[in-house]
Structures are given as structure tokens and as C-alpha cells.
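First the structure, in the form of C-alpha cells, and then the observations on it.
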DNA sequence: GAGGGAAATTGATATGGATCAAGTTGTTGA
DNA sequence: TCAACAACTTGATCCATATCAATTTCCCTC
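Residue numbers (the working numbering), protein chains in the order written: chain A, 1 to 232; chain B, 1 to 232.
As C-alpha cells, this is what we get:
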């Protein structure tokens, strides 16, 4: 690991409050690596040896069953993954691949469990992070079971629009076929869903998104913090 | 709380390893109560004041959006709920209602956070429990996104059969309409799915289930520990 | 700047699952 | 014991979404 990485890591929520000693111990055993796009970092079913953290780039978590595949989520800088498996010393439930050139920290799961006991603040941070992830998945299930695919798309766009600063023009950060999979639909259907949002002021051309009639879109999407606010 | 409740609580995984002092502190502030069937224990969106644990009976976690409702899961003795919300001091993402007469412990969330810091073993148990719940939800999402409703039903039956001792005759522990909702389908569709499993040796009449050709059913269900094993 | 390959779109069609409308069975409580 | 109500089932139909096939667009590489 380069020394220049350390401040960025230290400033992550997971490590911000812990003691210098504990942090040093975690860093000692950690690897930081650059991966090319489309690199499989971990495979579903394999034992979990490292807690991973995305420093830069993006990573797709996905799962397979019976020849089928689905994207579970897309992670960006600051996100941790495989925390639950690392804590339980259990096999990974999801695979992970980079979507672009990405920089990843890998901390031995054993070290994480170790430092968890030594450092109250780290323990608190871990449990907060885990609870945060849990709630994120619950929100995802609620979206899947309670909404149609068009409603999910509409809410995704609203969330993205907010994240991108609230303007009415912004960029789609991922390929459409991956977005389709995350939202639980086929690429073909996403295309049609996009067209179906035209009357609500949504225009998507390539990666460019324009959202004019925000209120109309909200009227369709009916966003609620209990599904759509990642904090909360 | 009755003194006679204490041993049962102490023997739960969450409290088994902790010190007597810490346990006493938790118990001091806790309530144990019997609730009638169909009682709303908590409401989605409300602040979370208590960690709940089912001692006896069963509880349905469910969620609503836009006039629609879905069952997220059914909990039985030993299960905790609203742990993540309690830890994050965040609003409940799900509502809960009893399905039958049930006995529930309620521990003030504040006490849980307090004792988390005092007692390493409790902290470890909390984090294990939370990671367990997280992985449970992930498995649920995988089932929802990767399987058809008939495949979900088939896997549900295989899991239940195993849980009930492995015989080829056992009872459905919940109403079909709730099972339908948990599995992400309508009651009408569950009826048809049940009929569609006849050729695979499944016969369900009322609450009675008979599973003859296990191998055929497994051939259809293709169970995997990465979705269907609650431990793992 | 042309060629090739992947991604995206479009149209046609199939299908899983939802909805609606009766029935039927089952349960409960007076 | 029976009335009343809820749960379940069944059939008919509808709708959302998947699938299949054919282009078209985009992007990357040479």
C-alpha cells in the first residue's frame, strides 16, 4: 500500500473514529490494489478471507443460479463489501467484479474480527455499517415486491437526479443493461420503460438524462424515505 | 417480566455468552408481554424504541407502499426483530403484527446500545446476529430475482420438509395467503403453483403436505446452500 | 476514418403472474 | 348446530414482463 492511500482510508466512516493503534494494525495487514475493468474479485461460494473497500472506481455485486445471473448492486468509492461474510467467517453469497479500472483495499477478515474486540469505536462503526447495509437490502426488497419496474426506474432516476446535484440534466453512471439487472428487469424492458416515462418529462439519450417535469415524475414514483432514502 | 422467563431468554444465542451483570442490566429494563393474534406491534416509519424478541408464537414483518402490502418474513421463537433500526436509532422499515397469541420481549434500544459497549461478548453476539439477518435478506433477494414463483415454492417446501424432520408428511405452519405474500405471489397463483407441483410428488390438502418423489422435487427446485441454507 | 463487436433499440410474440368474479371449503362463535 | 365470514380454489381474462429476432447505434481499435 502507498502511504498516500492512508488519509483517504482513514477518513472513511468505518475507520474515522478508531484509535491510531488499531488503525495501524488494520493497515499493516491490508493490501491495496488496482484492478482492470471486468475483473472478478470474488466468487459466490468461496470462503471470505478479506473485507473489501472500494477506494476508487466501481464494483458490481452479482449472483448466479441455474444459468441465470442478476446484479445485486453497484458499489462506488467508500463502499465496503463482504462485511457480513467476513464477520461470520462464512462463504460469500455474492460474486464481485470491477466495472472500470478500480482501486480496492483488502483487509484480512481475521484482522477485522481481531480489532473489533480491541477497539470500541471500531466495533461501533462496524455494527453501524452492517445495520446500514441491512437496511439498504430491506429497502431493495420492498422496491422489488411493492413496485412495478417502471416505478422502480422512476424512483431510481429521482434518486440519481438528487445525488447529481438536483439539476434537470445529468448522466447515467452505469450501462443500461446493468441498470436493468439491478432494477430487476431485462434490457429490452428498460428501453421500453424509458420511453414510457416520456410523458413524465424524462428524456434519455445515450447516457444523457433530462428530467423536466419533476413533479409529474414524483407523482408516478411516489418516493418514500422508507424505501428511497439511503440514509434514514 | 416473570422470573420464569429468564432462563429461556438467557439461553438465546444473543444473550448466551454475555456476563451476568450485563444480562441483568438488560433484563432490568425489559418488558415481556403476551399479545393476542393480529396485534400490530410496530408500525413502519415509527421511531424504534425497543429491540423485540419472539419468545413464543409468531410474528409477521410486512411493509406497505401505495396501498400495496407485502409480507417480508415470518418470525418464530428465538427470532429478534428491529435490531438494525435499534442500533442505528432509525425509523422502522417494516411493520410487525402477531399471527397468533405471542409472547414478546421488548428491550429498550437505548439499553442495547449501552450494553453493547460494556460487554464484548454481547457486542460479538449482536454483530453475529445482524450479519445473520443481513445474509438472510440477501438470500431472499436472490430467490426473488433468480427464480420463478414455482421454484420458490418448491424450495420453500424442501426447506420446510427438512425442518420438520425429513418425513414425507408434515404441516404447513402458516396460512397460504401469507405464504403467497412471503414468496412474492398472489394467493390465487399459489393455489395454481401447488397444483403445478403435483407431477413432482407434492400433494397439499388444507394444511397437510405430502411430499413423495423428493428427488423429482429437488430436480425442479435445485436448492443451493447459498440461497436455501439459513445457516451457512 | 473504417471496420468490427458489443450495447441498445424495436417489433412481434409468448408467458408468468395478476386481477376479477364466482364458487367452495373451512372456521368460529352465538 | 348452524349462520356468517374468511380463506381458499377455480376459471376467464388481462397485463406486465420475458423472450426471440432483427436492426441500429455506439464505441473502440487498428
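Even for Gly, the Cβ is constructed at its ideal location relative to N, Cα and C.
What does residue i touch in chain A if you count any residue whose Cβ is under 7 Å from its own?
i              : result
residue 120(B) : 117
residue 126(B) : 127
residue 177(B) : Those within 7 Å of residue 177(B) in chain A number zero; the least Cβ separation is about 15 Å.
residue 155(B) : Residues of chain A passing the Cβ test: none, with the nearest at roughly 10 Å.
residue 123(B) : 123
residue 39(B)  : Within 7 Å Cβ-Cβ: nothing; residue 39(B) doesn't reach chain A, min ~22 Å.
residue 164(B) : Here the premise fails: no neighbours, minimum Cβ distance about 25 Å.
Find the residues of chain B that neighbour residue i, judging by a C-beta separation of less than 8 Å, and give them in chain order.
i              : result
residue 78(A)  : Going along chain B, no residue has its Cβ under 8 Å from residue 78(A), so there is no contact; the nearest lies around 18 Å.
residue 87(A)  : 127, 128, 131
residue 44(A)  : 226
residue 134(A) : 84, 130, 133, 134, 137
Could you tell me the distance, in whole angstroms, from the CA atom of residue i to the CA atom of residue j?
i              : j              : result
residue 23(B)  : residue 15(B)  : 7 Å
residue 10(A)  : residue 31(A)  : 14 Å
residue 161(A) : residue 199(A) : 18 Å
residue 60(A)  : residue 76(A)  : 9 Å
residue 210(B) : residue 185(B) : 22 Å
residue 156(B) : residue 215(B) : 15 Å
residue 158(B) : residue 134(B) : 22 Å
residue 194(A) : residue 169(A) : 15 Å
residue 144(B) : residue 20(A)  : 43 Å
residue 138(B) : residue 137(A) : 7 Å
residue 166(A) : residue 212(A) : 11 Å
residue 163(B) : residue 71(A)  : 30 Å
residue 223(B) : residue 27(A)  : 39 Å
residue 52(A)  : residue 217(B) : 38 Å
residue 36(B)  : residue 99(B)  : 8 Å
residue 192(A) : residue 176(A) : 12 Å
residue 6(A)   : residue 120(B) : 28 Å
residue 142(A) : residue 179(B) : 16 Å
residue 205(B) : residue 152(B) : 19 Å
residue 140(B) : residue 4(B)   : 36 Å
residue 201(B) : residue 67(B)  : 37 Å
residue 38(B)  : residue 174(A) : 44 Å
residue 203(A) : residue 148(A) : 20 Å
residue 95(B)  : residue 8(A)   : 39 Å
Along chain B, in chain order, which residues have C-beta atoms closer than 9 Å to that of residue i?
i              : result
residue 140(A) : 137, 141
residue 72(A)  : 138, 141, 142, 145
residue 91(A)  : 225, 226, 232
residue 222(A) : 65, 66
Can you check whether the CB of residue j is closer than 9 Å to the CB of residue i?
i              : j              : result
residue 97(B)  : residue 34(B)  : no
residue 64(A)  : residue 220(B) : no
residue 74(A)  : residue 104(A) : no
residue 106(A) : residue 50(A)  : yes
residue 1(A)   : residue 115(A) : no
residue 124(A) : residue 122(B) : no
residue 190(B) : residue 226(A) : no
residue 87(A)  : residue 150(A) : no
residue 131(A) : residue 197(A) : no
residue 232(A) : residue 91(B)  : yes
residue 69(A)  : residue 181(A) : yes
residue 29(B)  : residue 111(B) : yes
residue 129(A) : residue 13(A)  : yes
residue 235(B) : residue 172(B) : In this structure chain B extends from 1 to 232, so residue 235(B) is not present and cannot be described.
Within the present structure, is the beta-carbon of residue i separated from the nearest heavy atom of the ligand ADP by less than 8 Å?
i              : result
residue 143(A) : Absent from the structure shown: the ligand ADP. Ligands present: none.
I need the DSSP call for residue i, collapsed to helix, strand or coil.
i              : result
residue 95(A)  : strand
residue 11(B)  : coil
residue 161(A) : helix
residue 108(A) : strand
residue 151(B) : helix
residue 41(B)  : strand
residue 56(A)  : strand
residue 188(A) : helix
residue 172(B) : coil
residue 33(B)  : strand
Interface residues of chain B around residue i at Cβ under 7 Å?
i              : result
residue 28(A)  : Within 7 Å Cβ-Cβ: nothing; residue 28(A) doesn't reach chain B, min ~22 Å.
residue 283(A) : This structure does not reach residue 283(A), given that chain A is present from 1 up to 232, and the question cannot be answered.
Starting from residue i, find everything on chain A with Cβ-Cβ shorter than 9 Å and list it in chain order.
i              : result
residue 106(B) : Within chain A, no residue comes near residue 106(B); the closest Cβ sits about 19 Å away, beyond 9 Å.
residue 237(B) : Residue numbering for chain B in the displayed model covers 1 to 232; residue 237(B) lies beyond these limits and cannot be assessed.
What does residue i touch in chain A if you count any residue whose Cβ is under 8 Å from its own?
i             : result
residue 18(B) : Those do not exist, as residue 18(B) stays about 14 Å from chain A at its closest Cβ, beyond 8 Å.
message = I'd like to know if the segment 71-82 of chain B and the segment 37-57 of chain B are in contact, where contact means that at least 3 CB-CB pairs between them fall below 8 Å.
response = yes
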